[in-house]
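Quick notes on the structure that follows.
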Amino acid sequence: MTTTAPKPTAAVAVADTRPVRLAPLDILRLGLLGIHTRRMRAALSALGISIGIATMIVVTGIPASSQKALMNQLSALGTNMLQAMPVPNQTPPVELPPQSVDMVRRIGPVTVASAVANTHAEVFRNDRVDADDYAGLAVLASRTDLLKAINAQVRSGRYLSASTERFPTAVLGSVAATRMGIAQVVPGRPAPQIYIDHRWFTVIGVLAQTPLSPDIDRAVLVGWDAARTQLGFTGHPTVIYVKAREDGIDAVRDVLAPTIYPEVPGMVQVSRPSDALAAKRATQTTFSALFLGLAGVALLVGGIGVANTMVISVLERRKEIGLRRALGANKGQIRGQFLTESVALSCLGGLAGTVLGVLATVGYATYQGWPPVIPLPAVAGGFGGAVLIGMAAGVYPSIRASRLTPTEALAMV
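See below:
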C-alpha cells in the first residue's frame, strides 16, 4: 500500500513585523528604571531642582511672614478705627441721638460700633472723703461691646456684660484704678467698692492700658442701663467708636456724620483714619513688588538649573538611547521613555524642594516670632514650573538622540 506525501501549501506564513506598542504603565516603569539604576546621579540632578524651588519658596515665604507680622503690628495701632463726637463748645450743646449707635451698625463695612457717654457724675473712694477731694475722673456710661471697638483688654476681673450692666457695677481704667487705690480685682475675695453720686458701685474689673483711647484709662465705666437708673443718664452718647473693614474705612468716614445726625451732619466731628493706615498701604505695595521680583529671579535660577541638569543627563545617556534604538525601540518609545524620566525626576526634585522650602520658612518665621505664611502661588508655581521646564529641557535632546541610526549607535558603544 503506497502513501502519498502531503503537498506543500502555496501560502507562506509571513512574520508579523508590526511594532510593539508600550502601555503608559510600561513607559513609566522604563522611566523610573533609569532613575532607580542611577540613584546617585538622579539624586544630584533632583538636588539642583529642589534647591531652585526651595529658594523661591524661602525668598517669598520669609518676606511674606515678616509682612504679616508688620501688618498685625500696624493693625494694632487702629488702622480700621474711627471716632465720632459732637462738635464742642456749642450753645446749646450738641447731643447725638440715642439711636445713633444702632444706625451706625447698619453701615455695610462697619464691623463694630460702640459708645460711651459722660454722666457728669463725681466719683470718690468712699463716702467719708471730703467733697472737695474730687478724684477728677470721668464716669462714663459704656456699652458692653466697647472693648472690641477700642482693642482694649481686661487686666483683672471681668468687663460689663448683659447680666451686670443693669446693676451698680463699675470697671476702672488703668489710671483710674491707680488713683482709686485699687490695683486689681481678686476672684474669691470681696470686691472693692467706690462711691459715685452718693451711691455705692462694686468694682468688677480693671482694664489694661489702652493706647488707642487714653480717655478710657482715666475713666470709670458703668453699665448703660445702670447709668440711666442710678445716675440720671439721658441716653445721648458722647463718643461713638467705629471699626470697619480697612478697604472701606474712607467710605465709612464719608457717611458717618450724616448717619449719626442726619439733620445737621456738620455738628458731628469725625476723626480721620490713622496715619498707620497709609503706612500699611504703602508697605503692602512695596512688599508686593518685592515678592514679584524675588519670585521671578528665583524661578529663573531654578529653571536654568533644571534645564542644565536635563540637557547634561540626555547627553550622558545618548549612547544608551541610541543602543536601544538599534535593538528595535522606535523613536516614539525613546522619546516617551526619556520624557517620562525627565518629568519623574522634576517631580521628585520639585517635591523635595517644596518640602525643604516650607520647613525652612516655618522654622525661621517661628524663630523670629512671626506668623508663618506660605504663599500658595509660589508653591504651585515652583512645582509646576519645575515639571514644565524639565519637560521642555528634555524634548530637544531626546529627539536628537532618537534620530540616531543603529549604525551610529553601535559605533558609539
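Under our numbering, think of the first position of the sequence shown as -10, with each following residue one higher.
Ideal Cβ positions, reconstructed from N, Cα and C, are used throughout, including at glycine.
Note that the coordinates shown come from a computational prediction; the quantities given were computed from them, not determined experimentally.
Endpoints, the beta strand (DSSP E) within which residue i is located
i, result
"Ile185", "182 to 185"
"Gly177", "Note, Gly177: premise wrong, no beta strand (DSSP E); not H, not E."
"Thr158", "158 to 161"
"Val259", "257 to 259"
"Leu149", "Leu149 -> no beta strand (DSSP E), and no H or E assigned at all."
"Gly194", "188 to 196"
Simplified DSSP assignment, three categories, for residue i
i, result
"Gly373", "helix"
"Pro75", "strand"
"Trp213", "helix"
"Phe222", "coil"
"Arg392", "coil"
"Arg234", "coil"
"Val422", "This structure gives no information on residue 422, because the portion of the chain shown stretches from -10 to 402."
"Val118", "coil"
"Gln88", "coil"
"Thr100", "strand"
"Gly379", "helix"
"Ser202", "coil"
"Gln56", "helix"
"Ala141", "coil"
"Thr(-2)", "Note that Thr(-2) scores a pLDDT of 47, beneath 50, so its modelled location is shaky and nothing firm can be said."
"Leu129", "strand"
"Leu14", "helix"
"Asn61", "helix"
"Thr68", "coil"
"Val3", "Reliability fails at Val3, whose pLDDT of 45 lies under 50, so the model's placement of it is uncertain and no value is given."
"Arg207", "coil"
"Val244", "helix"
"Val93", "helix"
"Ala31", "helix"
"Val228", "strand"
"Val48", "helix"
Beta-carbon proximity list for residue i, same chain, < 6 Å, skipping 5 on both sides
i, result
"Val101", "Lys137, Ala138, Lys232"
"Thr6", "With a pLDDT of only 49 at Thr6, under 50, the local geometry of the prediction cannot be trusted, and the value read off the model is given with reservation. If we look at Thr6 and ignore the five residues flanking it on each side, it has no Cβ neighbours."
"Val384", "none"
"Thr108", "Val128, Ala130, Ala216, Leu220, Phe222"
"Met(-10)", "Its pLDDT being 46, under 50, Met(-10) is placed unreliably in this model, and the coordinates cannot settle the point."
Cβ-based burial, residue i [other Cβ within 10 Å; buried from 16]
i, result
"Arg392", "exposed"
"Gly41", "buried"
"Asn115", "exposed"
"Tyr356", "exposed"
"Ala4", "Its pLDDT being 46, under 50, Ala4 is placed unreliably in this model, and the coordinates cannot settle the point."
"Pro81", "exposed"
"Gln403", "Given that the chain is displayed from residue -10 to residue 402, the structure contains no residue 403 and the question cannot be resolved."
"Glu330", "buried"
"Val47", "buried"
"Val195", "buried"
"Ala31", "buried"
"Gln326", "buried"
"Gly177", "exposed"
"Asn69", "buried"
"Gly346", "buried"
"Ala172", "exposed"
"Leu245", "buried"
"Ala369", "exposed"
"Arg28", "exposed"
Test item: CB-CB of residue i and residue j under 8 Å
i, j, result
"Met256", "Val118", "no"
"Val228", "Ala130", "no"
"Val211", "Val128", "yes"
"Pro360", "Ser54", "yes"
"Ala151", "Phe222", "no"
"Val174", "Ile193", "yes"
"Leu85", "His225", "yes"
"Met380", "Leu328", "yes"
"Gly50", "Ala367", "yes"
"Thr350", "Phe372", "no"
"Ala180", "Gln142", "no"
Where the alpha helix (DSSP H) containing residue i begins and where it ends
i, result
"Thr80", "Segment: none, Thr80 is in no alpha helix (DSSP H) and carries neither H nor E."
"Arg324", "320 to 357"
"Ile171", "Neither: Ile171 is in no alpha helix (DSSP H) and is coded neither H nor E."
Cβ-based neighbour list, residue i, same chain, cut-off 7 Å, excluding 5 preceding and 5 following
i, result
"Met169", "Arg114, Ala124, Leu161, Ile183"
"Pro157", "Arg188, Trp189, Phe190, Thr191, Ala215, Gln219"
"Leu35", "Here the sequence assigns Ala to residue 35, which means Leu is not the residue at that position. So the qualifying residues of the chain are Leu334, Leu337, Gly338, Ala341."
"Arg207", "Leu126, Ala127, Gly162, Val164, Ala165"
"Glu154", "Thr133, Gly212, Trp213, Asp214, Ala215"
"Gly146", "Val174, Ile193, Gly194, Val195"
"Val1", "At Val1, the pLDDT of 45 sits below 50, so the modelled position is not reliable; the number obtained from the coordinates is stated separately. Taken in chain order, the list of residues that qualify is empty."
"Leu17", "Thr329"
The ligand GDP heavy atom lying under 7 Å from the CB of residue i
i, result
"Val259", "This structure does not include the ligand GDP; it has no bound ligands of any sort."
Cutoff 8 Å; reference residue i; Cβ partners in own chain excluding five residues on either side
i, result
"Ile249", "Ala73, Leu85, Pro86, Ser89, Met92, Val93, Ile229, Val257"
"Val241", "Leu71, Ile96, Pro98, Val99, Val231, Ala233"
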